[in-house]
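*Asks:* Protein chains in written order, with full-length UniProt numbering: chain A, 1 to 488; chain B, 1 to 784. Heads up, the beta-carbon is just placed ideally off N, CA and C, and yes, glycines get one too. One structure follows; several queries about it will come next.
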Amino acid sequence: MRQTIKYVHRGEIVELANVAPTTTVLNYLRYEQALTGTKEGCAEGDCGACTVVLGELANDKVRYQAVNACIQFLPTLDGKELITVEDLKLKDGKLHPVQQAMVDANGTQCGFCTPGFVMSLFAEMHSDRIADRAHIDNVLAGNLCRCTGYGTIIDAAMSVAQSGVRDSFHEQEAKSIALLEVLQKDSGLRLTWQGRSYFAPKTIDELTDILLDYPDATLLAGATDVGLWVTKQHRDLATIIYLGQIQDLKNIEKQDNGLKIGAGVTYSDAWAPLAELYPDFGELIRRIASTQIRNSGTIGGNIANGSPIGDTPPALISLDARLHLRSKDGPRELPLEEFFIEYGKQDLRQGEFVEAVYLPFPKAESQFATYKISKRFDQDISAVCAAFNLTLKAGKVEDIRICYGGMAGTPKRASKTEKAITGKSWTDSTISNALSRMEEDFQPLSDMRASQRYRMLTAQNLLRKFYIETTTPEIPTRIVGERGLANA
Amino acid sequence: MRNPPLSRNTIRGAAHSPRHHDSAAKQAAGEALYIDDIAEPRDLLHLYVAQSEKAHAKILKLDVSAVRSAPGVVVVLTANDVPGGNDASPIAGDDPVFAEDIVEYAGQALFAVAAETLEQARSAAKLAVVEYEELPAIVTVEEAMAANSFVLPTREIRRGDARAAIKKAKHQLTQRFEIGGQDHFYLEGQIALSLPGEDGDIFVYSSTQHPTEVQHNVAKFLDLPDHSVTVEVRRMGGGFGGKETQGAWFAAMASLATKLTGRPAKVRLDRDDDMIMTGKRHDFVVMVEMGFDDDGRVSGAEFIFASRCGRSADLSASINDRAMFHADNCYYFKNITIISHRCKTHTVSNTAFRGFGGPQGMLAPERMMDAIACYLGKDPLEVRKKNLYGKKPRNITPYQMTVEDNIAPEIIAELENSSNYAARRKSIRAFNETSPYLKKGIALTPVKFGISFTASHLNQAGALLHVYTDGSVMLNHGGTEMGQGLYIKVAQVVAEILQIDIERVKITATRTDKVPNTSATAASSGADINGKAAEAAAIAIKERLIQFAAKYYGTKTSEITFLPNRIRIGKQVVAFRDLVQLAYMNRISLSATGYYRTPKIHYDAETFSGRPFYYFAYGAAVSEVLIDTLTGENKVVAVDILHDAGKSLNPAVDLGQIEGGYIQGMGWLTTEELYYDSNGILKTHAPSTYKIPACSDRPAVFNMKIFERGENVEETIFRSKAVGEPPLMLAISAFNAIADAISSVADYRLYPELNAPATPEQILMSIQKITESARSNRVTEAAQ
């Protein structure tokens with residue numbers, strides 16, 4: 001395997017060797033390259049001051065995506081094009097259209113967040129999406145500004161979107177493609193540095209081989225969690241295996257009765273297919289983290305890290321998703337809910353990794369909803385996340401699967417509550433009777449996100465809300481989202 | 001620099017013209033330098049600050065010997081290594097930079113490690129052996145009140161006999177509520193970089209709103225004269241009050257490392273350390289009682305405030321004073337008592353934050369206006385109007401200042417009209433009748449905010465202006481730039497006085513060796529006092545040029561006029577640059593200092609009476625919200641603001657302050673929750689857990705206007721008004737609108753208990769309570 005990192009920057013291939021594998025892209029830029037335009041605001045991917053843009057080949061084009069440089073490890077740049085705020089200004093000193101729009105709209109005050117906003121908007125300018133206020137809110141959910149109140153930045157974003165202006169990156173796309181194609185042909189990466197190792201295999205077979213030698217290695221996907229082990233907990237990771245170069249983990253495969261989503265598929269890439277099957281699942285993905293995090297974080301990672309407050313497992317479990325695991329011994333499959341054993345413990349054997357999650361198609365007689373409750377609508381961790389999958393037959397509940405996040409040490413079904421509803425008529429009194437069972441299902445914690453009492457009350461009320469939405473859909477029940485009243 | 005064309009009728013960057021922030025292009029390009037962006041000097045040491053894990057404990061042992069011998073460590077700094085006074089407080093002398101024998105909050109600095117790399121310093125710090133004897137920790141205001149734990153004496157303002165008036169009134173109401181604190185969440189954390197100079201001098205780059213205080217604290221800490229320490233700040237990545245006092249601790253640490261090693265040193269706190277170690281907006285517990293008549297007119301009001309000051313005094317005296325000064329807001333309360341308890345707790349020392357106690361003070365009467373209206377079944381706006389300051393004697397504040405510039409009634413009337421308040425209120429009530437789960441609410445609240453430092457001596461400023469022989473100008477003053485646009489505003493003042501294009505005015509970093517003995521850039525006073533000081537300097541030079549020109553050209557001074565980039569002298573016209581050149585050749589000084597002290601203010605701190613404020617800034621806002629009664633989720637959906645900036649110096653900058661202030665205030669009152677556990681450990685110390693408003697939280701409808709007729713009745717700089725803090729309090733309307741929405745659950749017959757911030761949890765619990773109360777009321781009524 002190759003021993004140098006190769007990435008494209010400013011129209012050239014940069015080669016790097018002998019770097020600590022967990023050096024963040026941000027620290028590398030700021031303290032080794034003296035490229036200080038990119039800022040550190042939080043070192044956990046929550047404020048966006050560190051936003052840079054990565055270019056990757058997709059359908060013979062370069063796809064530009066914003067990511068948080070503060071939690072991305074330097075070797076993950078391998079095979080990609082890096083663009084920082086310093087790269088946007090033209091050689092003649094003229095500002096890039098996005099930068100000029102920020103100036104013209106008075107979109108800067110203290111200016112510390114500004115480069116991050118510029119990079120998010122730059123990536124957006126290179127997408128084919130249509131900008132309206134709701135869309136810009138999504139694009140900028142991961143960029144915090146403490147000064148402006150955002151209005152002027154939204155003005156800048158709208159003016160760029162509406163101008164349809166092109167930039168030098170459009171003009172130089174052919175060159176970027178050529179360079180990225182060169183890099184694509186490279187073998188996998190193996191770095192060693194002061195006793196630490198970093199692998200970036202390109203195939204599943206390579207991965208299983210490496211795992212045989214390094215069963216305790218840290219598997220790295222989007223780094224939206226593992227990155228924080230380094231930047232927040234200051235952990236020393238001896239061996240890292242990066243999954244982001246394995247194309248076979250990035251597929252979304254339409255099968256006869258469902259969708260097989262590779263573990264390496266990012267939230268961004270899963271968003272549209274999930275929204276098409278289950279609109280509420282799409283809305284949930286929209287509310288997960290930010291554009292930068294959705295561009296990095298993966299559905300597989302959200303499952304594999306075993307968090308009790310990951311947002312996709314409740315929805316997936318309620319939809320009866322199945323988990324595909326793999327090791328050198330071959331594949332293994334189990335219902336997703338069985339994967340979560342207890343807090344911090346998953347059904348994952350040594351040398352085994354999450355390969356894919358299988359999501360059944362909706363049944364005609366089923367109804368699905370999921371709700372995410374947090375202090376802030378965008379980019380917040382849920383206090384409670386709930387998912388409901390109801391199958392009615394002749395007014396009676398044939399099946400209901402209710403799963404919650406934030407209510408226990410794992411994502412967990414409300415089994416007693418489900419039992420109290422199953423087989424009954426789908427009526428107010430059935431719900432009212434079942435609600436008390438919730439207290440047998442869960443004993444949630446109190447913490448900085450919510451009290452035990454609030455969690456329980458909300459969990460119960462969300463079941464009630466689901467009932468209301470399925471029986472009287474004309475009554476408004478949502479503040480944000482597709483069916484949101486505030487955006488109507 | 002080329003001469004601009006001499007035919008233009010106006011200069012670029014005149015006073016009152018909307019100008020972009022002076023650094024906007026650099027900021028957008030990533031070229032604006034913040035302290036951590038300055039090229040790191042050779043031999044730079046990186047400091048890591050080790051913190052107390054206990055909220056209150058005796059330090060039995062602090063052994064750093066293993067830290068000293070760890071790889072890369074150059075020096076370890078403890079209280080024993082401080083050559084001067086181990087204190088970096090603004091006033092009281094109670095803020096040890098390094099803990100001595102006791103720790104009084106979790107996060108307090110124990111010692112600092114200076115090493116070749118930050119990683120080495122951080123790893124080494126873990127090797128210290130610290131033994132504590134834990135002492136009982138007082139964490140909350142209630143605990144402090146119960147223990148009589150105060151950091152400063154309780155203060156009172158009394159006018160008339162409030163108690164008797166309340167008793168005598170036809171109706172009485174009492175409210176108790178809690179107001180949470182707020183982290184500044186400036187995007188750039190606390191940072192200082194110190195460089196060694198000759199003779200043991202120290203040069204410090206500090207991200208501070210108060211370079212002079214950093215200078216004085218560093219000098220005191222190192223036992224140096226003030227003249228040996230120079231502090232510079234070009235810009236901060238946000239301040240909001242959080243960089244008024246406590247940045248001095250970190251500047252002191254970096255400077256000590258430099259003094260002991262002769263090497264440059266940097267302290268840069270990461271987000272978590274910053275949030276854990278440094279103070280926030282004070283949280284308050286408020287008790288209010290009012291007596292009023294059938295119209296809602298208040299005859300007696302009693303306020304009891306208790307605030308969490310934390311482990312030391314910091315600026316808590318002035319902050320709590322300001323809370324008291326704003327308990328009246330726009331209203332005349334004939335008989336009034338205001339009591340303010342300043343609680344000592346074993347938590348971080350709370351500090352200045354935009355509004356400086358004013359917001360907490362103002363929330364109390366604003367909630368009462370709504371509670372009274374609800375009680376009487378009236379529109380809250382009607383009750384507000386009944387209580388507004390008016391003509392004599394209804395124009396005297398509880399602290400005996402006459403309100404001479406009251407435009408609140410005009411602003412309220414205009415906003416009521418432009419926002420379509422009455423019709424919207426009606427339609428919201430109609431909506432709520434048909435919407436069982438989602439409820440809307442609306443509120444209009446005004447703001448009257450006193451402008452001036454209440455510590456009168458701080459109301460002074462200096463400026464330094466050089467004119468070079470090519471006609472370019474260097475401007476320096478004591479104000480600091482934290483994003484608020486102060487530098488561009490002051491530059492506009494100079495451009496206006498000298499009638500030169502603003503590009504000719506070089507904006508320079510604030511430095512203690514250029515303008516000494518300055519006040520903090522705080523209390524919204526930046527443009528008011530520094531603008532006036534710069535004006536004085538510019539006028540001094542202008543006067544010299546006029547005197548010189550009159551003599552040189554043999555005309556009367558009255559025949560000399562400054563036109564855009566040129567001067568008419570009798571019948572001739574001379575370019576500014578040419579006149580400057582000529583003046584130089586004739587040995588006329590082209591450098592001047594300017595000085596300003598705010599007139600009219602006087603105030604007796606003992607009796608709480610006098611004129612603490614030069615003038616008031618006004619504004620009003622209407623907020624409309626939507627809440628989900630099943631989950632407590634909420635959203636501010638529409639806002640209308642009319643704000644008084646006097647005759648705005650720079651409307652583009654002022655609108656930025658107004659919107660930013662509102663959104664920051666909205667965050668304080670809705671999503672931003674600080675959570676301490678029972679041991680006094682802050683659990684919300686990063687954006688993953690502490691939620692400031694994001695882009696989508698900006699209300700979809702946001703109509704904002706500067707009050708066009710606004711003009712300061714006082715002779716402020718070009719009749720403008722301060723605009724930094726007042727707009728924050730416009731967001732009280734959002735909080736009150738949420739309460740209005742909750743009230744709908746009880747058919748508007750009850751006013752909800754609601755604590756700030758109104759998180760989904762607070763709202764849901766409030767709904768629970770009001771629902772239960774409404775139910776028991778119905779039971780009682782039925783029984784009767």
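1. For the segment 242-252 of chain B against the segment 190-198 of chain B, do three or more pairs of beta-carbon atoms, one drawn from each stretch, fall closer than 8 Å, so that the two count as touching?
2. From residue 285 of chain A to residue 772 of chain B, what does the alpha carbon distance come to, in whole angstroms?
3. Show which residues of chain A have a CB atom less than 8 Å away from the CB atom of residue 125 of chain B.
4. Put residue 213 of chain A into one of helix, strand or coil per three-state DSSP.
5. Would you say residue 162 of chain A reaches chain B, if we count a Cβ-Cβ gap shorter than 9 Å as a contact?
6. Can the beta-carbon of residue 209 of chain B be found less than 9 Å from the beta-carbon of residue 226 of chain B?
7. Span of the alpha helix (DSSP H) holding residue 270 of chain B?
8. If you measure from the beta carbon of residue 635 of chain B to each beta carbon in chain A, is any gap under 9 Å?
9. Which value, in whole angstroms, describes the spacing of the CA atoms of residue 756 of chain B and residue 338 of chain B?
10. When the Cβ atoms of the segment 492-500 of chain B are set against those of the segment 12-31 of chain B, are three or more pairs found closer than 8 Å?
11. Got a sec: is the Cβ-Cβ distance from residue 49 of chain A to anything in chain B below 9 Å?
12. For residue 427 of chain A, does the count of other Cβ atoms within 10 angstroms reach 16, so buried, or fall short, so exposed?
13. Using the beta-carbon of each residue, which ones in chain D are nearer than 9 Å to residue 24 of chain A?
14. Just the C-alpha distance for residue 751 of chain B and residue 306 of chain B, rounded to the nearest angstrom, thanks.
15. Starting from the C-beta of residue 589 of chain B, find all residues in its chain whose C-beta is less than 7 Å away, skip the five residues before and the five after it, and write them out in chain order.
16. With 16 other CB atoms within 10 Å as the buried threshold, where does residue 604 of chain B fall?
17. Could you compute how far the alpha carbon of residue 558 of chain B sits from the alpha carbon of residue 162 of chain A?
18. Throw me the rounded Cβ distance for the residue 479 of chain B and residue 521 of chain B pair, which I believe falls under 8 Å.
19. What three-state label does DSSP hand residue 610 of chain B in the structure shown?
20. Determine the direct distance from the alpha carbon of residue 169 of chain A to that of residue 11 of chain A, and round the result to whole angstroms.
21. From residue 556 of chain B to residue 550 of chain B, what distance separates their C-alpha atoms?
22. Three Cβ pairs or more, each shorter than 8 Å: is that satisfied between the segment 284-300 of chain A and the segment 345-357 of chain A?
23. Have a look at residue 487 of chain A and residue 701 of chain B and give me their C-alpha separation to the nearest angstrom.
24. Rounded to the nearest angstrom, what separates residue 325 of chain B and residue 657 of chain B at their Cα positions?
25. Between the alpha carbons of residue 628 of chain B and residue 377 of chain B, how many angstroms are there, rounded?
26. If I measure Cβ to Cβ from residue 714 of chain B and keep anything under 7 Å in the same chain, skipping five residues before and after, which residues do I get?
27. Between the segment 500-516 of chain B and the segment 441-456 of chain B, do at least 3 Cβ pairs fall closer than 8 Å?
28. Distance check for residue 322 of chain A and residue 210 of chain A, CA to CA, integer angstroms please.
29. Spatial neighbours of residue 77 of chain A within its chain, please: CB distance less than 7 Å, with the 5 preceding and 5 following residues excluded, ordered by chain position.
30. Counting along the chain, where does the alpha helix (DSSP H) carrying residue 186 of chain B start and finish?
31. In or out: residue 15 of chain A buried (at least 16 other Cβ within 10 Å) or exposed?
32. Comparing the C-beta of residue 104 of chain A with each C-beta of chain B, is any distance below 9 Å?
33. Which residue or residues does DSSP assign as beta-bridge partners of residue 371 of chain A?
34. Going straight from the alpha carbon of residue 220 of chain B to that of residue 515 of chain B, what length do you get?
35. Going by other Cβ atoms of all chains shown within 10 Å of its Cβ, with 16 needed for buried, is residue 245 of chain A buried or exposed?
36. Go through the segment 46-131 of chain A residue by residue and report every complete run of the alpha helix (DSSP H) that reaches 4 residues or more, in order.
*Replies:* Taking the definition as stated:
1. yes
2. Residue numbering aside, residue 285 of chain A sits at position 285 when the first sequence is read from its first letter. Residue numbering aside, residue 772 of chain B sits at position 772 when the second sequence is read from its first letter. For residue 285 of chain A and residue 772 of chain B, the distance between alpha carbons rounds to 37 Å.
3. Counted from its first residue, the second sequence places residue 125 of chain B at position 125. Chain A residues near residue 125 of chain B: none, gap ~11 Å exceeds 8 Å.
4. Your numbering for residue 213 of chain A matches position 213 in the first sequence. Residue 213 of chain A falls in the helix class under three-state DSSP.
5. Position 162 of the first sequence, counting from 1, holds the residue named residue 162 of chain A. Not closer than 9 Å to any Cβ of chain B, the Cβ of residue 162 of chain A fails to qualify, so no.
6. Reading the second sequence from its first residue, position 209 is the one you call residue 209 of chain B. Reading the second sequence from its first residue, position 226 is the one you call residue 226 of chain B. Against a cut-off of 9 Å, the Cβ pair of residue 226 of chain B and residue 209 of chain B comes out as no contact.
7. Start at 1 with the first residue of the second sequence, and residue 270 of chain B comes out as number 270. Segment: none, residue 270 of chain B is in no alpha helix (DSSP H) and carries neither H nor E.
8. Here residue 635 of chain B refers to the residue found at position 635 of the second sequence. Yes, contact with chain A.
9. Within the second sequence, residue 756 of chain B is the residue found at index 756, counting from 1. Within the second sequence, residue 338 of chain B is the residue found at index 338, counting from 1. Taking the straight line from one Cα to the other gives about 21 Å.
10. yes
11. As a first step, residue 49 of chain A must be located in the first sequence, where it is residue number 49. For residue 49 of chain A, the answer is yes, since a Cβ of chain B falls inside 9 Å of its Cβ.
12. Residue numbering aside, residue 427 of chain A sits at position 427 when the first sequence is read from its first letter. Counting Cβ neighbours within 10 Å, residue 427 of chain A comes out exposed, since fewer than 16 surround it.
13. Included in the structure are the protein chains A and B, with no chain D among them.
14. Stepping through the second sequence from its first residue, residue 751 of chain B is reached at position 751. Stepping through the second sequence from its first residue, residue 306 of chain B is reached at position 306. If I take the Cα positions, the gap works out to 23 Å.
15. Locating residue 589 of chain B in the second sequence gives position 589, counting from the first residue. Excluding positions up to five away in sequence, the list reads 544.
16. As a working note, residue 604 of chain B is residue 604 in the second sequence. Exposed, by the Cβ-count rule.
17. Numbered from its first residue, the second sequence carries residue 558 of chain B at position 558. Numbered from its first residue, the first sequence carries residue 162 of chain A at position 162. Their Cα atoms are separated by approximately 54 Å.
18. Here residue 479 of chain B refers to the residue found at position 479 when the second sequence is read from its first residue. Here residue 521 of chain B refers to the residue found at position 521 when the second sequence is read from its first residue. Indeed they touch by this definition, with Cβ atoms about 5 Å apart.
19. Along the second sequence, one-based indexing puts residue 610 of chain B at 610. In the structure shown, residue 610 of chain B sits in a strand (DSSP, three-state: E or B).
20. Taking the first residue of the first sequence as 1, we reach residue 11 of chain A at position 11. Taking the first residue of the first sequence as 1, we reach residue 169 of chain A at position 169. In a straight line, the C-alpha of residue 11 of chain A is about 10 Å away from that of residue 169 of chain A.
21. For the purposes of this step, residue 556 of chain B is identified with residue 556 of the second sequence, where counting begins at 1. For the purposes of this step, residue 550 of chain B is identified with residue 550 of the second sequence, where counting begins at 1. Between residue 556 of chain B and residue 550 of chain B, the C-alpha separation is close to 6 Å.
22. yes
23. For the purposes of this step, residue 487 of chain A is taken as the residue at position 487 of the first sequence. For the purposes of this step, residue 701 of chain B is taken as the residue at position 701 of the second sequence. Any reading at residue 487 of chain A is ruled out, since the residue's pLDDT is 46, under 50, leaving its predicted position unreliable.
24. Here residue 325 of chain B refers to the residue found at position 325 of the second sequence. Here residue 657 of chain B refers to the residue found at position 657 of the second sequence. Their Cα atoms are separated by approximately 23 Å.
25. Here the question's residue 628 of chain B lines up with position 628 in the second sequence. Here the question's residue 377 of chain B lines up with position 377 in the second sequence. Using only the alpha carbons, I get a separation of about 24 Å.
26. Locating residue 714 of chain B in the second sequence gives position 714, counting from the first residue. Excluding residues within five positions, the ones whose Cβ falls inside 7 Å are 614, 615.
27. no
28. For the purposes of this step, residue 210 of chain A is identified with residue 210 of the first sequence, where counting begins at 1. For the purposes of this step, residue 322 of chain A is identified with residue 322 of the first sequence, where counting begins at 1. Straight-line Cα distance between these residues: approximately 26 Å.
29. As a first step, residue 77 of chain A is located in the first sequence; it is residue number 77 there, counting from the start. Around residue 77 of chain A: 5, 7, 25.
30. Against the second sequence, residue 186 of chain B aligns to sequence position 186. No alpha helix (DSSP H) holds residue 186 of chain B; DSSP gives it neither H nor E.
31. Stepping through the first sequence from its first residue, residue 15 of chain A is reached at position 15. By the 10 Å Cβ count, residue 15 of chain A comes out exposed.
32. Within the first sequence, residue 104 of chain A is the residue found at index 104, counting from 1. By this cut-off, residue 104 of chain A is an interface position.
33. Within the first sequence, numbered from 1, the residue matching residue 371 of chain A stands at position 371. DSSP, once it has assigned bridges, lists A:386 as partnering residue 371 of chain A.
34. Indexing the second sequence from 1 puts residue 220 of chain B at position 220. Indexing the second sequence from 1 puts residue 515 of chain B at position 515. If I take the Cα positions, the gap works out to 20 Å.
35. As a position in the first sequence, residue 245 of chain A is number 245, starting the count at 1. With 16 or more other Cβ atoms within 10 Å, it is buried.
36. 97-104, 114-125
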